[in-house]
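Okay, so here's the structure we're looking at.
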Amino acid sequence: MAFSSNLTRKLALLQQSTITQALNAFSNMFELKQIHAHIIKSDFNPDLKFFLTTRLLVFAAISNSGELSYAKTLFNNIKYPSHFMYNTMIRGYSQSNQPIGSIHLYVQMLQKGIFPDKFTYPFLIRSCCLCSLFLIGKQIHSHVLKFGFCLDVYVVNNLISMYSGCGELDNARNVFEECFNVVDIVSWTTLVTGYSNSGGIDVARKYFDEMPQRNTVSWNAMVAGYARGGQIVKARELFDEMPEKDVASWSVMISGYSQSGMAKEAMGLFQEMVSTGFMPNESALVSAVSACAQLRALDQGEWLHNYIKEHMFEVNVILGTALLDMYGKCGNVEKAFLVFNKMPIKNVMTWNSMIAGLFLNGCGKQALALFEQMQKMGPPPNNITFIGLLTGCSHLGMVHEGHQIFNIMTQVYKIKPQLEHYGCMVDLLGRAGLIKEALDFVEKMPVEPHPGLWGALVSACRIHGEIELGEELGKHLIKLEPQHSGRYMLLLNMFAAANRWDDVARMRNLLKEKKVLKNPGNSIIKL
DNA sequence: ATAGGGTTAG
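Listed below in structure tokens is the structure:
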């Protein structure tokens, strides 16, 4: 008996080593499926089968070339999955496009009496954040406390990051302070990011200064915080002070410039990055392309596109959208379409940008045709889609189509119009000279008209010579916003257009009298 | 037995 069981074990070990070698050799789903088939057909002992299935599950669920749906099937066919298998699936879902699956599996795990461990929670909490299920996240926090896993720094950091993500910085800080003996550089950095994302940039800086040590990521987080908060000069100071820069540092700073509308600085820094010998990453490229779009710099945009092609960067959905947006804004709608058609994955923003690009170049019919296509085979349009469509119709004078779009928005997609949508409609009617209809529309609106909306109407009155009505509306507007110089200018310009010079002079005096500063206009300050 | 986090984009 002893002899025979020993033999079985030896045989198993022998089999195990061959199979382990085979497992080490597989690197894609095709090979994995072959091995899976082999496992099903052979009569390995159950322990070995279980071991091998675990290996397959890990690859299918979490590796880059895996396939979560296959992992799901695999998992569902296992009678008694181990806690490790549950953890693997929870992690797999957390890095998929359906992170809610993690939560379902966690519940299932508890129902089956399988105990979670410290590896369960980081991914589970991450999934809660990704789905914005913060209430569930808090419940899970109580599980963490109950099971005593808050001594694990990974769990702690994910909790801090969850509370930061839902803007509850007091809770984030409480976790940080209660676990002060386990926190590390990542916890500090998470807190810095959390505060700077919630408008607490000074608190963020305080934590940054108090950190026992800093690395490049912590510096990057602080620079990003300043850049996001519009304090671009401070961001740059810190960027220059950094003891060491990595690709993300450059990327953070370039995106800061680009998003603050400082497109020239963004381009300059991008060039500096490349000449310093750094290979830009996708996000730096996106910011640079977007800077070209702002500057209407087609040549530089095309240079970047070539650079991307030459270096064989994967054009992901964000980079692709940035590129077609750039081509659209720079007036090359053909190239925009070329990029659009080549993109294997498109999302709402991709479609929105392409539609806007077509409108911008006067191709209203094609823009509407693309919207038709989007409704048939694209992602569901969102409120931004409709702002783009209505603005486009307004600029091209497509009044009838604009009305249709508004109806589609409210009736088909049940999207409640926001102030912006009403503004577009008023603009659409006003520009077309349908001032009465525009006023009717304003009266029927269920929301309080925004000052800018009256402004659009006054401009329309100027263009279409409805001076009396314009005057009435303009005065009403000045009452609403007496400190806004632009409101006076609307009336002044209208009187000038109607050759009513006395009234123009009267407006000038009024401007002086009220000490309303005239907006000197926008100018880009070169650093 | 096996494993994990913080910065950057349209």
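Going by numbering that gives the first Met the number 0, the first residue of the first sequence is number 0, and it counts up by one from there. The beta-carbon is built from N, C-alpha and C at its ideal position, and this holds for glycine as well. Note that this is a predicted model, so its numbers are computed, not measured.
In whole angstroms, give me the CA-to-CA distance for Phe50 and Phe43. Mapped onto the first sequence, residue 50 falls at position 51. Mapped onto the first sequence, residue 43 falls at position 44. Across the structure, Phe50 and Phe43 are spaced so that their CA atoms are roughly 11 Å apart.
If I follow the unbroken alpha helix (DSSP H) through Lys443, where does it start and stop? Taking the first residue of the first sequence as 1, we reach residue 443 at position 444. Taken as a continuous stretch (DSSP letters only), the alpha helix (DSSP H) holding Lys443 covers 434-443.
Reduced DSSP secondary structure (H/G/I, E/B, other) of Gly401: Position 402 of the first sequence, counted from the first residue, corresponds to residue 401. Here Gly401 sits in helix by DSSP.
According to DSSP, simplified to helix, strand and coil, what is Ala203? For this step, residue 203 is matched to residue 204 along the first sequence. Correct three-state label for Ala203: helix.
Since Ala459 and Ala437 are thought to touch, with beta carbons under 8 Å apart, how far apart are those beta carbons, to the nearest angstrom? Indexing the first sequence from 1 puts residue 459 at position 460. Indexing the first sequence from 1 puts residue 437 at position 438. Yes, Ala459 and Ala437 are in contact; Cβ-Cβ is about 7 Å, under 8 Å.
What separation, rounded to the nearest whole angstrom, lies between the Cα atoms of Leu510 and Leu490? Here residue 510 refers to the residue found at position 511 when the first sequence is read from its first residue. Here residue 490 refers to the residue found at position 491 when the first sequence is read from its first residue. If you take the alpha carbons of Leu510 and Leu490, they lie about 11 Å apart.
Limits of the alpha helix (DSSP H) - the one that Met424 falls within: The residue given as residue 424 occupies position 425 in the first sequence. If you look at Met424, you'll find it in the alpha helix (DSSP H) that goes 418-430.
Neighbourhood of Gly520 by C-beta distance below 7 Å, restricted to the same chain and skipping five residues each side: Here residue 520 refers to the residue found at position 521 of the first sequence. Caution applies to Gly520, whose pLDDT of 39 falls short of 50 and renders its modelled position unreliable; the value that the coordinates give is listed next. Cβ neighbours of Gly520 beyond the five flanking positions: none.
Relative to the C-alpha of Met424, which residue among His399, Lys413, Ser352, Asn96 is closest? Translated into the one-based positions of the first sequence, residue 424 becomes position 425. For Met424, the nearest C-alpha among the options comes from His399.
Under three-state DSSP, which class holds Pro45? Looking up residue 45 in the first sequence gives position 46. Taken through DSSP and simplified to helix, strand or coil, Pro45 comes out as helix.
Met342 in three-state terms, based on DSSP: Taking the first sequence and counting its residues from 1, the one referred to as residue 342 is at position 343. For Met342, the three-state secondary structure derived from DSSP is coil.
Environment of Leu337 [buried if 16+ CB atoms lie within 10 Å]: Translated into the one-based positions of the first sequence, residue 337 becomes position 338. By the neighbour-count rule (16 or more Cβ atoms within 10 Å), Leu337 is not buried but exposed.
How long is the line joining the alpha carbons of Gly198 and Gly136, rounded to whole angstroms? As a working mapping, residue 198 is identified with position 199 in the first sequence. As a working mapping, residue 136 is identified with position 137 in the first sequence. If you draw a straight line from the Cα of Gly198 to the Cα of Gly136, it comes to about 23 Å.
Taking a contact to mean a Cβ-Cβ separation below 8 Å, would you say Cys130 touches Ile139 in this structure? Mapped onto the first sequence, residue 130 falls at position 131. Mapped onto the first sequence, residue 139 falls at position 140. Judged by their CB atoms, Cys130 and Ile139 are not nearer to each other than the 8 Å cut-off.
Own chain residues within Cβ distance below 8 Å of Gly228, not counting five before or after: By 1-based counting over the first sequence, the position of residue 228 is 229. Excluding positions up to five away in sequence, the list reads Ser195, Gly198, Ile200.
When we look at the beta-carbon of Pro481 and count the other beta-carbons within 10 Å, is it buried (16 or more) or exposed? Your numbering for residue 481 matches position 482 in the first sequence. Sixteen is the threshold: since fewer than 16 other Cβ atoms of the shown chains lie within 10 Å of the Cβ of Pro481, the residue is exposed.
Tell me whether Ala504 is buried or exposed, calling it buried when 16 or more other Cβ atoms sit within 10 Å of its Cβ. Working through the first sequence from its first residue, we reach residue 504 at position 505. By the Cβ neighbour-count rule, Ala504 is exposed, with fewer than 16 other Cβ atoms within 10 Å of its own.
Buried or exposed by the 16-neighbour rule on C-beta atoms within 10 Å, applied to Leu10: Locating residue 10 in the first sequence gives position 11, counting from the first residue. For Leu10, the predicted structure reports a pLDDT of 46, less than 50, and the residue's modelled location is therefore unreliable. The matter cannot be settled from this model.
Which of helix, strand or coil DSSP assigns to Tyr487: By 1-based counting over the first sequence, the position of residue 487 is 488. In the structure shown, Tyr487 sits in a helix (DSSP, three-state: H, G or I).
Can the beta-carbon of Leu56 be found closer than 8 Å to that of Phe29? To locate residue 56, count along the first sequence from 1; it is residue 57. To locate residue 29, count along the first sequence from 1; it is residue 30. Result no, Cβ atoms of Leu56 and Phe29 do not sit closer than 8 Å.
Leu509 - DSSP class collapsed to helix/strand/coil: As a working note, residue 509 is residue 510 in the first sequence. Leu509: helix per DSSP, three-state reduction.
Between the Cα of Glu209 and those of Ala226, Val191, His310, spot the shortest distance and give me the residue it belongs to. Taking the first residue of the first sequence as 1, we reach residue 209 at position 210. Closest option to Glu209, Cα to Cα, is Val191.
Using beta-carbon positions only, say whether Thr384 and Val332 come within less than 8 Å of one another. Within the first sequence, residue 384 is the residue found at index 385, counting from 1. Within the first sequence, residue 332 is the residue found at index 333, counting from 1. Contact: no.
The alpha helix (DSSP H) spanning Asn381 covers which residue range? Within the first sequence, the letter at position 382 stands for residue 381. For Asn381, there is no enclosing alpha helix (DSSP H), as DSSP marks it with neither H nor E.
Could you tell me the alpha carbon to alpha carbon distance between Leu389 and Ala36, rounded to whole angstroms? On the first sequence, position 390 is the one that residue 389 refers to. On the first sequence, position 37 is the one that residue 36 refers to. Those two C-alpha atoms are separated by around 55 Å.
Spatial neighbours of Gly451 within its chain, please: C-beta separation below 8 Å, excluding the five flanking residues on both sides. As a position in the first sequence, residue 451 is number 452, starting the count at 1. These residues qualify, in order along the chain: Gly422.
Who are the near neighbours of Gly473 in its chain, counting only those whose CB is closer than 6 Å to its CB and skipping five residues on each side? Taking the first sequence and counting its residues from 1, one reaches residue 473 at position 474. Here Gly473 has Val457, Leu489, Leu490 as same chain residues with Cβ atoms under 6 Å from its own Cβ, once five neighbours each way along the sequence are excluded.
His449 in three-state terms, based on DSSP: Residue 449 sits at position 450 when you count from the first residue of the first sequence. Coil, per DSSP.
Where the alpha helix (DSSP H) containing Pro242 begins and where it ends: On the first sequence, position 243 is the one that residue 242 refers to. First-last for Pro242: undefined, no H or E at that position.
Going by DSSP in three states, Lys111 sits in which element: helix, strand or coil? Position 112 of the first sequence, counting from 1, holds the residue named residue 111. Taken through DSSP and simplified to helix, strand or coil, Lys111 comes out as coil.
Looking only at its chain, what residues have a beta carbon closer than 8 Å to the beta carbon of Leu268, apart from the 5 residues adjacent to it on each side? Position 269 of the first sequence holds residue 268. Same-chain partners within the cutoff: Trp249, Met252, Ile253, Tyr256.
Gly469 - containing alpha helix (DSSP H), residue span: Here the question's residue 469 lines up with position 470 in the first sequence. Annotation for Gly469: the continuous alpha helix (DSSP H) segment containing it runs 466-479.
Can you give me the C-alpha to C-alpha distance between Asp324 and Thr275, rounded to a whole angstrom? Within the first sequence, the letter at position 325 stands for residue 324. Within the first sequence, the letter at position 276 stands for residue 275. Their backbone Cα atoms lie some 28 Å apart in a straight line.
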